[in-house]
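Right, one structure below, let's go through it.
In the numbering used here, the protein residues as written are 7 to 142.
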């Protein structure tokens, strides 16, 4: 499914809501081998320009592996089931989630000082104001 944001420039970050349906062990670039338990995850990212293209890239299964998240989104056991967009800066959004959810250390944060930008959750997540949910 294609997601098109009419005013993509007003958003600063995005969230991918994913389900991993079986325990998964993957080698993720320089992070090395990581194990992902079965469950739901949220990834927080940003695209200064071209948010539509970035989201579409993450939803594609056939792509060159570049970002940490690519190693997950191409895997058949991983389903992106929801996308969120926000005017909140990526690291602030990650900080908000870190206070509420389990962070996967080092994932998705090689260009900042955050602990991680991937979070595991097993209950309903309350999101800050300013997050708009788009269903996939």
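Glycine residues also receive a C-beta, built at the ideal position from the N, C-alpha and C atoms.
Taking the alpha carbon of residue i as the reference point, which residue from the options has its own alpha carbon closest?
| i | options | result |
| --- | --- | --- |
| residue 60 | 19, 25, 126 and 28 | 19 |
| residue 53 | 92, 31, 138 and 132 | 92 |
| residue 145 | 14, 37, 97 and 80 | No answer is possible for residue 145: the residues shown for the chain start at 7 and end at 142. |
| residue 47 | 109, 137 and 120 | 109 |
| residue 42 | 21, 62 and 126 | 126 |
| residue 25 | 72, 105 and 129 | 129 |
Can you find the residues in the same chain that come closer than 8 Å, C-beta to C-beta, to residue i, ignoring five residues on each side of it along the sequence?
| i | result |
| --- | --- |
| residue 95 | 18, 19 and 52 |
| residue 39 | 31, 32 and 33 |
| residue 104 | 120, 121, 122 and 125 |
Indicate whether residue i and residue j have their beta-carbon atoms separated by less than 7 Å.
| i | j | result |
| --- | --- | --- |
| residue 29 | residue 44 | yes |
| residue 113 | residue 122 | yes |
| residue 85 | residue 57 | no |
| residue 70 | residue 80 | no |
| residue 74 | residue 34 | yes |
| residue 50 | residue 107 | no |
| residue 32 | residue 77 | yes |
| residue 90 | residue 131 | no |
Identify, in the order they occur along the chain, each residue of the same chain with its Cβ nearer than 6 Å to the Cβ of residue i, setting aside the five sequence neighbours on each side.
| i | result |
| --- | --- |
| residue 27 | 83 |
| residue 115 | 122 and 123 |
| residue 37 | 112 |
| residue 120 | 97 and 100 |
| residue 133 | none |
Apart from the five residues on each side of it in sequence, which residues of its chain come closer than 7 Å, Cβ to Cβ, to residue i?
| i | result |
| --- | --- |
| residue 88 | 23, 139, 141 and 142 |
Look up residue i in the DSSP assignment and give the residues it is bridged to.
| i | result |
| --- | --- |
| residue 11 | According to DSSP, residue 11 bridges with nothing at all. |
| residue 20 | 51 and 91 |
inquiry  = List, from N- to C-terminal side, the alpha helix (DSSP H) runs of 4 residues or more that fit wholly inside the stretch 62–136.
reply    = 74–79 and 96–104, all fully within the stretch 62–136.
Could you name each continuous beta strand (DSSP E) segment of 3 residues or more that falls completely within the stretch 36–61, going from the start of the chain to the end?
Qualifying beta strand (DSSP E) stretches, in chain order: 38–42 and 45–51.
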